[in-house]
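Novice: Quick one: structure below, then a few questions.
In this note's numbering, the protein residues as written are 177 to 399.
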């Protein structure tokens, strides 16, 4: 019976992918990694993604693995992927799924922040700013600045009863709403903003939110 490989390397259109077996011991893995790198022949400069799967490695162990791989000067690691979530990452996810509610007017120069979703019941005046790690929902007139997905959540959305914002931002994509204001003032309706797959910030009717972000609803039950 042939011994199962603990490390596999395959080529993709984006470069090489190295996958680690989840069950192999760490020292045994390092030994096989050394042998694998000495056996493989790499043509030119190769970019590699390292997939750890469900294996947990400390930051020090990750550093050792990367240094060992990059001793081969023909390999450059571009990404290390892991399906293991740390306690800190888990806690951050929980925080981002929570919602906070602000009742009242967000006045000019005022900033309202939330770690997760933010619900504003009231207007956001020009130069008023709301920032959330998750989604932003405004039950009123959004005439100021809204920044959703501030912690890197590109799936976040901004929704408002009346969207007249001067600036909208999701993650690191900022849109100045100069051209939209005239159209929205002529046809006021509930709107939502989201990042399209192209990376462009798009505005659509609020009714489309269910289609655009089907995972946004967490409601269970009903008929």
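Every residue gets a Cβ at the ideal spot worked out from N, C-alpha and C, and that includes glycine. Since this is a predicted model, take the numbers as computed values, not measurements.
For a test of the three-state rule: what should DSSP assign to residue 241, helix, strand or coil?
Specialist: Taking the first residue of the chain shown as position 1, residue 241 is located at position 65. Helix at residue 241.
Novice: Please report the distance separating the alpha-carbon of residue 192 from that of residue 226.
Specialist: Counting from 1 along the chain shown, the entry for residue 192 is found at position 16. Counting from 1 along the chain shown, the entry for residue 226 is found at position 50. Each residue's alpha carbon lies about 9 Å from the other.
Novice: What are the start and end residues of the beta strand (DSSP E) that includes residue 183?
Specialist: Position 7 of the chain shown, counted from the first residue, corresponds to residue 183. Residue 183 -> beta strand (DSSP E) spans 183 to 188.
Novice: Could you check how far apart the C-beta atoms of residue 309 and residue 291 are, in whole angstroms? I think they sit under 8 Å.
Specialist: The residue you call residue 309 lines up with position 133 of the chain shown. The residue you call residue 291 lines up with position 115 of the chain shown. Their Cβ separation, rounded to whole angstroms, is 5 Å, which keeps residue 309 and residue 291 in contact under 8 Å.
Novice: In chain order, what residues of the same chain lie with their CB nearer than 7 Å to the CB of residue 253, ignoring the 5 residues before and after it?
Specialist: One-based indexing of the chain shown puts residue 253 at position 77. Closer than 7 Å at Cβ, skipping near neighbours: 224, 226, 242, 245 and 246.
Novice: Determine the direct distance from the alpha carbon of residue 311 to that of residue 275, and round the result to whole angstroms.
Specialist: Here residue 275 is taken as the residue at index 99 of the chain shown, counted from 1. Here residue 311 is taken as the residue at index 135 of the chain shown, counted from 1. Roughly 9 Å separates the two Cα atoms.
Novice: For residue 193, is the beta carbon positioned less than 8 Å from some heavy atom of the ligand PLP?
Specialist: Ligands in the displayed structure: none, and consequently the ligand PLP is not present.
Novice: Take residue 234 as the anchor and find which of 256, 220, 250 and 216 has the nearest alpha-carbon.
Specialist: Residue 234 sits at position 58 when you count from the first residue of the chain shown. Nearest C-alpha to residue 234: 256.
Novice: Exposed or buried, which one is residue 198 when buried takes at least 16 other CB atoms within 10 Å?
Specialist: Mapped onto the chain shown, residue 198 falls at position 22. The residue is exposed, with fewer than 16 neighbouring Cβ atoms inside 10 Å.
Novice: What did DSSP end up calling residue 344 once you bin it into helix, strand or coil?
Specialist: The count along the chain shown starts at 1 and reaches residue 344 at position 168. In the structure shown, residue 344 sits in a strand (DSSP, three-state: E or B).
Novice: Measuring CA to CA, which of 332, 322, 190 and 183 is closest to residue 215?
Specialist: Taking the chain shown and counting its residues from 1, one reaches residue 215 at position 39. Closest by alpha carbon: 183.
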